[in-house]
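These notes are about the structure you will find just below.
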Amino acid sequence: MLKGIDAALTPELLKVLCEMGHGDEIVVVDANFTAASLGRGKPVIRMPGIDLHRACKAVLSVFPLDQSVQQPVAYMKVEHTPEGYASDVQRSVIALAGELAAAAPEQCAAVERFAFYDRVGGAYAIVQTGEAQPYANFIFKKGVIGAALA
Numbered sequence: 006m007l008k009g010i011d012a013a014l015t016p017e018l019l020k021v022l023c024e025m026g027h028g029d030e031i032v033v034v035d036a037n038f039t040a041a042s043l044g045r046g047k048p049v050i051r052m053p054g055i056d057l058h059r060a061c062k063a064v065l066s067v068f069p070l071d072q073s074v075q076q077p078v079a080y081m082k083v084e085h086t087p088e089g090y091a092s093d094v095q096r097s098v099i100a101l102a103g104e105l106a107a108a109a110p111e112q113c114a115a116v117e118r119f120a121f122y123d124r125v126g127g128a129y130a131i132v133q134t135g136e137a138q139p140y141a142n143f144i145f146k147k148g149v150i151g152a153a154l155a
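Under the working numbering, the first residue of the sequence shown carries the number 6, and numbering increases by one thereafter.
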């Protein structure tokens with residue numbers, strides 16, 4: 006155990022988060038997501054007893070979002086829903102991104118399912134949760150931590 010570190014952050018996940026550089030992306034997904042096939046060649050970390058909200062809360066507690074891009078947060082758009090729709094789980098994670106990582110709602114983009122899959126191909130790692138709700142899939146782009154430029 007480490008002081009001040011969320012207990013949901015396993016040693017494997019902390020290692021991956023530390024290895025990631027500015028601009029790298031991590032994908033946090035539901036239990037239905039095709040993590041094994043889309044994650045070939047990259048770390049796939051499983052958190053079967055943890056729902057999406059809890060996993061994202063843990064990740065965002067230590068993960069700086071990239072403020073140099075317009076939308077450092079992406080989530081899978083629920084098919085056959087009107088523009089602007091977000092499920093309860095999606096809204097809860099968008100709120101977390103605002104609370105823990107200063108991401109405004111407009112910095113969180115709904116991405117069509119197959120475009121989301123394509124983007125996962127370039128991600129650094131996938132975290133698969135035990136979340137049972139479909140479309141509970143997010144991508145977070147890593148930013149930097151450091152002193153302001155003088």
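Glycine included, every Cβ here is placed at the ideal spot set by N, Cα and C.
At the level of alpha carbons, what is the spacing between Leu65 and Ala102?
7 Å
What separation, rounded to the nearest whole angstrom, lies between the Cα atoms of Gln112 and Ala106?
11 Å
Given that a residue counts as buried once 16 or more other Cβ atoms are within 10 Å of its Cβ, and exposed if not, what is Tyr140?
Buried is the label assigned to Tyr140, since at least 16 other Cβ atoms lie within 10 Å of its Cβ.
Whole-angstrom Cβ separation of Leu43 and Val94, contact assumed at under 8 Å?
Wrong, their Cβ atoms sit about 20 Å apart, outside the cutoff.
Count the other C-beta atoms from every protein chain shown that fall within 10 angstroms of the C-beta of Leu23, then say buried if there are 16 or more, exposed otherwise.
The displayed chain sequence assigns Cys, not Leu, to residue 23. Exposed, by the Cβ-count rule.
Closest to Arg51 by C-alpha separation, out of Gln72, Ala152, Glu136, Val149, would be which residue?
Glu136
Using a Cβ-Cβ cutoff of less than 8 Å, which residues in the same chain neighbour Thr15 once the five nearest sequence positions on both sides are dropped?
Ile50, Met52
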